[in-house]
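With numbering that gives the first Met the number 0 as the guide, the letters of the sequence shown map in order to residues 0 to 248. Read the structure below first, then the notes.
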Amino acid sequence: MWMLLHGFTGAPRSWSDVLTRMQPDPPPLIPTLLGHDRRGGPVDARSFEGEVSRLFSIASSLQRPRLLCGYSMGARVALGLLAHRPQFFDAAVLIGVQSGLSDEAARTERREVDAMRARSLREEGVAAFVAAWEALPLFASQSAVSAEVLDEQRSVRLAHDAEGLARSLEVLGLAQMPDYSEMMGTLDVPITLLAGALDAKFSGIAHTLAEGHAHIDAQIVDGVGHNLLLEAPAAVAATSKRIEERMRQ
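Now the structure itself:
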């Protein structure tokens, strides 16, 4: 049974195209991450580890095999779950993941960037923030995606609350998570790292994390960039189905 974690500015429905192709049975758990629920969902976690603990309480209902998949921010939170209970999950797929920042100067720099983004959300609102977010070079490859799909993604983003997204950055931002790089090498669970070939930064991270570790496999998807849920849902679904079939054997 899968647990799926969406990315920053995403939502459970961000997995829709993947799920249409996967047809998982039983249906997966797809929780809403901190700061992404306008209906008054959980915003009380005050630390990265606090959100991990909350999500693990949800994951505890997973049926075997217990499978975990996260995209971007969701992939980083998924790493936290693997670190929290290393023996609980049977396999994991991490899409566009960073394992943390070991350099304190880099951590400080990223904290300042996320603080600036949180301030922008609070002062200028969600619409202005989303316009700037979608213009980041990281997402340039999405110009090849259909207007209909991009419009659906934008509607998900615009439905969020500015304060919620700001809190998400302050609690779940890269600067707030522990550095899990060394921990990944000690995990006794198969981990598949997915990244788009046009996303040079995260493809490089995937190869680096997989190097020298038999239980970590880096798979690079040709012709797409960072957001594989949007740009290559068929590839995500195919990889996930293969892993589930292998775990059920």
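For each residue, glycine too, the CB sits at the ideal point set by N, CA and C.
Continuous alpha helix (DSSP H) assignments of at least 4 residues falling wholly in the region 61-113: 72-83
Residue from E230, L33, G34 and G95 whose Cα sits closest to the Cα of S145: E230
Contact check, D198 vs A209, beta carbons under 8 angstroms: no
Three or more C-beta pairs below 8 angstroms linking the region 60-68 and the region 88-106: yes
Bounding residues of the alpha helix (DSSP H) (the contiguous stretch that carries I204): A199 to A209
C-beta contact flag for A237 and D221 at 8 angstroms: no
Run of the beta strand (DSSP E) containing A195, from where it starts to where it stops: First, the amino acid is wrong: residue 195 is Gly here, not Ala. Run containing G195: I190 to G195, per the beta strand (DSSP E) assignment.
Same chain, Cβ closer than 7 angstroms to W132, five either side skipped, listed in chain order: T8
Three CB pairs or more closer than 8 angstroms across the region 138-156 and the region 172-186: They do not touch, by the three-pair rule.
Identity of the residue in V235, W14 and A114 nearest A194 by Cα: V235
Three-state secondary structure assigned by DSSP to L228: helix
I242 - partner residues in DSSP beta bridges: Note: I242 sits in no beta bridge, so no partner.
Which of helix, strand or coil DSSP assigns to A217: Three-state result, A217: strand.
L81 versus F87 - alpha carbon distance: 8 angstroms
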